[in-house]
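Everything below concerns the one structure shown next.
Numbering (this note's numbering), first residue to last: 199 to 476.
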């Protein structure tokens with residue numbers, strides 16, 4: 199189990215070999231794959247115009263228009279796909295880049311820092327393998343993985359800063375497993391009465407420094423069958439786990455469309471020990 203990690207289902211690593219990296223600073227992103235021994239190609243992708251404009255203002259990209267940048271990314275993916283290359287993407291966030299460089303003693307303006315940030319092994323949970331889908335769909339997957347990564351880093355900080363973790367650097371694993379079981383049981387309870395339908399679940403913890411919010415879309419089918427992305431299910435369970443482990447107050451809400459009842463919604467408050475329906 200990784201340091202401060204919440205109990206999670208096992209998933210294989212995304213990249214098994216040292217990747218070669220393409221970042222928003224590099225105008226050569228449409229270049230063909232390197233010949234010879236193949237390595238995974240790691241692509242740092244700016245997923246929204248606001249982040250792109252921040253990079254432009256900082257002089258961290260040679261592109262003048264977001265559309266041109268996306269066009270080159272799309273061309274690069276097409277070329278790598280033809281070559282049979284393994285490609286993984288990660289959202290390139292200027293805010294995360296600054297945090298990374300401050301932590302590692304690097305300069306955000308240095309292109310090598312961009313490479314190091316993009317391929318940072320500590321953020322491997324945010325790496326998304328490109329499966330040949332259109333760029334717009336790939337961007338959505340990358341962006342969602344980044345959102346989950348931000349929440350998970352917040353959870354890890356919360357656990358690391360507790361008295362229980364002070365001596366060893368790790369929050370006690372046994373306490374986490376107990377808390378995770380409580381969280382999973384609570385989540386099952388929230389879903390039992392919802393019935394069939396499409397819903398959005400939102401889980402919040404009231405951390406004294408910065409409130410934490412995680413969300414996930416899900417589908418409940420006949421017979422209690424739950425359709426949800428595995429990563430999203432893990433994330434909800436992890437947030438609930440930390441809430442129980444640290445006795446933090448919070449809120450869980452479930453809202454959506456039921457085929458029989460139309461629009462429905464429920465909310466439960468958490469006092470650090472148990473949930474109560476509002």
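Using N, Cα and C, we set each Cβ at its ideal position, and we do this for glycine too. Note that the structure is a prediction, hence the values are computed from the model and not measured.
According to the DSSP assignment, residue 347 belongs to the alpha helix (DSSP H) that extends over 333 to 358.
Within the segment 298 to 324, the runs of alpha helix (DSSP H) that reach at least 4 residues and sit entirely inside it are, in chain order, 309 to 316.
Note on geometry: alpha-carbon atoms of residue 276 and residue 241 lie some 13 Å from one another. Exclusion of the five residues before and after residue 447 leaves 404, 468, 469 and 470 as the residues of its chain whose Cβ lies within less than 7 Å of its Cβ. In chain order, 287 and 328 place their CB closer than 7 Å to the CB of residue 336, counting only its own chain and leaving out the 5 sequence neighbours on each side. Beta bridge pairing from DSSP links residue 464 with 452. For residue 429, the enclosing alpha helix (DSSP H) stretches over residues 428 to 444.
Burial check for residue 441: the Cβ neighbour count within 10 Å reaches 16 or more, so the residue is buried. The C-beta distance from residue 369 to residue 357 rounds to 4 Å, short enough to meet the 8 Å contact threshold. Judged by pairs of C-beta atoms under 8 Å, the segment 448 to 459 touches the segment 388 to 401, as three or more such pairs exist. Between residue 426 and residue 418, the CB-CB gap reaches or exceeds 7 Å. According to DSSP, residue 240 shares a beta bridge with 219 and 286. Residue 303 and residue 257 have their C-alpha atoms roughly 19 Å apart. DSSP links residue 397 through a beta bridge to 416 and 454.
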